[in-house]
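Numbering (the numbering used here), first residue to last: 14 to 406.
By construction, the Cβ of each residue, glycine as well, lies at the ideal position given by its N, Cα and C atoms.
To start, the structure itself, in structure tokens.
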Ligand SMILES: [Zn+2]
């Protein structure tokens, strides 16, 4: 789809199941927009995605859904005309014949989904701390620690109050930072941490503010200390006593000193578990089923970049997609558009490789994909093995 074409040039090909039937032009009256508005008017140029609100307000429901399911390249590429009659976008007389036949049949009545989180993630990944510390901080930023407040929201406990001070709701930010018991620890840490006076109910906003105020070493001190404050809180809950603040500060310092003596690379590789990260996503893509394969490859490459990997081997069971990923060919279809975007990111790695495997050649990927069918949006795990693959690791 060319962004400089008038909106009325949208063509849809769908049947009752949503794919591959007969094409027809957009029929919704194009309201909210000027008569000569171009497709680009429906896109957010900064975020490089569809303007969902505008599309839903402009088109009838079914057409709005199909537009939103049509992929847009996140790279700045010029518009070009592509042939939808073949999978790779190259023109052939045979495909044109089939297209004409399809149209004829149509004429005979056979009608036919945190960018903020990603930034935080990158910052966490760069910290020179153990994978366990990173996972802890990541979970904290996602408000995924089982605090009283979170358990109360899930109706597991009847009281959201902090079990230590009994004064405020025990949010992640409260237990790790603003609770009087936590303040007793922070008051003995390095000067900048002592002076930080951030108050935010959401842990992600809190951590973002912290990253602006602290340097790398101080952030490492923060995560190592915060994790020990969390352990102390858990010991208290399970009636195993309450560790003195001095003890936590001493332990955190000892850990920091120990890590400073180690070679950072050695520290990361030796402690790394088998599973570094997983991403499961359920996505409707229009119009080509092959899109799922190429979209998956692009998401995998982006994830590897975001978590700071330097070398990557990509395995896929679609020969067409694995070939398209390594061949420097112009993108002539929606699927090859994703492949060319993925190839752009792959070239940024120190070393990369794309391998074709049989479907049962990567059983873990198969299980993750199968599990993704039961989720609603996207689940990303870091150094945590999802239960659907736990028995196979
Ligand atoms: Zn408290």
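- Judged by their CB atoms, residue 176 and residue 249 are nearer to each other than the 8 Å cut-off.
- Below 8 Å, too few C-beta pairs join the segment 346-359 and the segment 370-379 to call them touching: fewer than three.
- Between residue 391 and residue 292 a beta carbon distance of about 7 Å is seen, short of the 8 Å cut, so the two are scored as contacting.
- When rounded, the separation of the alpha-carbon atoms in residue 240 and residue 149 is 7 Å.
- Here residue 83 carries a coil assignment [DSSP, helix/strand/coil].
- Distance from the CA of residue 68 to the CA of residue 257, rounded to the nearest whole angstrom, comes to 57 Å.
- Each residue's CA atom was taken as its position, placing residue 367 and residue 354 some 14 Å apart.
- Ranking 223, 272, 133, 194 by CA distance to the CA of residue 208 puts 223 first.
- Here the segment 197-206 makes contact with the segment 261-276; the two share three or more CB pairs at distances below 8 Å.
- Cβ contact annotation for residue 146 (same chain, cutoff 7 Å, sequence separation greater than five): 236, 237, 240, in chain order.
- Using a Cβ distance threshold of 8 Å, residue 188 and residue 160 count as a contacting pair.
- Closer than 7 Å to some heavy atom of ligand 1: that does not describe the Cβ of residue 245.
- For residue 383, the enclosing alpha helix (DSSP H) stretches over residues 376-385.
- Across the set 50, 86, 78, the C-alpha of 86 shows the shortest separation from the C-alpha of residue 59.
- Here residue 324 is bridged, per DSSP, to 364.
- Under the criterion of beta carbons closer than 8 Å, residue 362 and residue 324 qualify as touching, at roughly 6 Å.
- The C-beta distance from residue 243 to residue 158 rounds to 7 Å, short enough to meet the 8 Å contact threshold.
- The beta-carbon distance between residue 219 and residue 213, rounded to whole angstroms, is 4 Å. This is short enough to meet the 8 Å contact definition.
- Counting only beta-carbon distances shorter than 7 Å to the non-hydrogen atoms of ligand 1, the qualifying residues in chain order are 175, 177, 178, 180, 181, 183, 187, 188, 192, 193, 194.
- Annotation for residue 133: 154, 217, 220, 221 place their beta carbon closer than 7 Å to its own, counting only its chain and skipping 5 residues before and after.
- Annotation for residue 332: 369 place their beta carbon closer than 7 Å to its own, counting only its chain and skipping 5 residues before and after.
- With fewer than 16 other beta carbons inside 10 angstroms of its own, residue 62 counts as exposed.
- For residue 329, the pairing in a beta bridge is given by DSSP as 369.
- Contact check for residue 162 and residue 184: beta-carbon distance about 5 Å, within the 8 Å limit, so the pair qualifies.
- In the three-state scheme derived from DSSP, where H, G and I count as helix and E and B as strand, residue 141 is classed as coil.
- For residue 327, the closest C-alpha among the options 310, 135, 316, 315 is that of 310.
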